[in-house]
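Student: All the letters of the sequence shown, read from the start, carry residue numbers 1 to 279 under UniProt numbering. A virtual CB, placed ideally from N, CA and C, is assigned to each residue, including glycine. Predicted model only: the values in this text are computed from it and were never measured.
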Amino acid sequence: MTPVDSPSPRSEGVTSPEVTMNSAGLREITEPHYVLATGCNLTTAQKAEVDALVKKVRPVIPFYITAMNKTSMSGSLVICKDYAAKYLPHEEQFITLCHPHKSNIWVDNLKVITDGSCMLSVGWSCFVLHNELRESDICLFEVSKNDGEVTMVVHSLEGGHHLQGKEPESQNKCSYPVKVEVTEEEESDKEHAESSYYYSRYAYDLTGEEQEEIFRSALIQQGNPVYVAVLQENHVSSRNNLLTFPREFAAKHLAERSHDILLLRPNRREKWCVRYYYH
1 MTPVDSPSPR SEGVTSPEVT MNSAGLREIT EPHYVLATGC NLTTAQKAEV DALVKKVRPV
61 IPFYITAMNK TSMSGSLVIC KDYAAKYLPH EEQFITLCHP HKSNIWVDNL KVITDGSCML
121 SVGWSCFVLH NELRESDICL FEVSKNDGEV TMVVHSLEGG HHLQGKEPES QNKCSYPVKV
181 EVTEEEESDK EHAESSYYYS RYAYDLTGEE QEEIFRSALI QQGNPVYVAV LQENHVSSRN
241 NLLTFPREFA AKHLAERSHD ILLLRPNRRE KWCVRYYYH
């Protein structure tokens, strides 16, 4: 857990429940409007922006406010255990990240850490890349729940111009689509004897020695689903390069919605944000 995202008596004290008097003269305890992560200190101007947003949104669940740091910029965001325990799911589940003024959505797996805090990772990384968030930006998470599904609308301060839908001008921009639909090749995809291994038609023709070399070099974590494809010309063309996953693999292991996903290579720091289309 990073210092910025760790809870502390000071941060929780700033946003502690308010004691008010109702019309009958009885004391009432109301929920705080927002919770600050430790180390996230708002300026007077930022505080005014937050108060204005609270007044506009009237959140049922308090905002979670944190500052972007090197850890949250590099791929993971930890939400303090006090906030997570009270307002977030207690088991891992997919959640939706979105921007208040855009239709794009990002799906992430909200992971529950052993100490009770929660962590966002792959989907969050793609959100950061797509919206060009920067270190020291202030992010406000507006959490809502509907029939067990959790949505986080991400507002930002000081870096508001980063969240206006501008595509990052870099090799990591979300421009390469990954589609889930059946083609002649994928229709014949076959599953490995182990249920988590799948092969495209061409990959299924790999020799045992070739397969062994692939899995030895890939260092795949036990239990993770694997799809092996031999790249063809249409996969690497300069325009309209698509990679199609077989229906069975997608149904078992990929989300049933279109969203951005993050591609990584082992032993490399680069990340590529791509669009995953579900049909």
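Checking contacts by CB at 8 Å: is Thr44 closer than that to chain D?
Tutor: You won't find chain D in this structure, because it holds only one protein chain.
Student: Measuring alpha carbon to alpha carbon, tell me which of Tyr87, Ile65, Lys86 and Ala85 ends up nearest residue 280.
Tutor: Coverage of the chain is limited to positions 1 through 279, which leaves residue 280 absent and any answer about it impossible.
Student: Taking the continuous beta strand (DSSP E) assigned at Ser144, which residues delimit it?
Tutor: The count along the sequence shown starts at 1 and reaches residue 144 at position 144. It spans Ile138 to Asn146 - the beta strand (DSSP E) in which Ser144 sits, taken as one unbroken run.
Student: Is it true that the CB of Tyr202 sits closer than 8 Å to the CB of Val230?
Tutor: To locate residue 230, count along the sequence shown from 1; it is residue 230. To locate residue 202, count along the sequence shown from 1; it is residue 202. Yes, Cβ-Cβ distance for Val230 and Tyr202 is below 8 Å.
Student: Give me the Cα-Cα distance between Tyr87 and Asp51, rounded to the nearest whole angstrom.
Tutor: Taking the first residue of the sequence shown as 1, we reach residue 87 at position 87. Taking the first residue of the sequence shown as 1, we reach residue 51 at position 51. Each residue's alpha carbon lies about 20 Å from the other.
Student: Note the first and the last residue of the continuous beta strand (DSSP E) segment covering residue 287.
Tutor: Outside the shown range of the chain, which is 1 to 279, sits residue 287, and nothing can be said about it.
Student: Cα-Cα, which of His155, Glu49, Val150 and Ala67 is closest to Glu91?
Tutor: What you label residue 91 is simply residue 91 of the sequence shown in a count that begins at 1. If we check each option's Cα against that of Glu91, Val150 comes out closest.
Student: From what residue to what residue does the beta strand (DSSP E) around Ala67 run?
Tutor: Taking the first residue of the sequence shown as position 1, residue 67 is located at position 67. Phe63 to Ala67 is the extent of the beta strand (DSSP E) around Ala67.
Student: Measuring CB to CB, does Val122 end up less than 8 Å from Asp137?
Tutor: As a working mapping, residue 122 is identified with position 122 in the sequence shown. As a working mapping, residue 137 is identified with position 137 in the sequence shown. In this structure, Asp137 does not lie closer than 8 Å to Val122 by Cβ.
Student: Is there contact here, the region 258-266 with the region 97-116, by at least three beta-carbon pairs under 8 Å?
Tutor: Contact holds: three or more Cβ-Cβ distances are below 8 Å.
Student: Taking the beta carbon of Glu270 as the centre, do at least 16 other beta carbons fall within 10 Å, making it buried, or is it exposed?
Tutor: Position 270 of the sequence shown, counted from the first residue, corresponds to residue 270. Flag for Glu270 reads exposed.
Student: With a threshold of 16 other CB atoms inside 10 Å of the CB of Val35, please say whether the residue is buried or exposed.
Tutor: The count along the sequence shown starts at 1 and reaches residue 35 at position 35. Val35 is buried by the Cβ-count criterion.
Student: Taking the alpha-carbon positions, what's the Leu120 to Tyr204 distance?
Tutor: Taking the sequence shown and counting its residues from 1, one reaches residue 120 at position 120. Taking the sequence shown and counting its residues from 1, one reaches residue 204 at position 204. Using only the alpha carbons, I get a separation of about 35 Å.
Student: Can you tell me whether Ser170 is buried or exposed? The criterion is at least 16 other CB atoms within 10 Å of its CB, across all chains shown.
Tutor: Walking along the sequence shown from the start, residue 170 turns up at place 170. Any reading at Ser170 must be qualified, since the residue scores a pLDDT of 39, below 50, and its modelled position is unreliable; the value itself is stated next. So Ser170 ends up on the exposed side.
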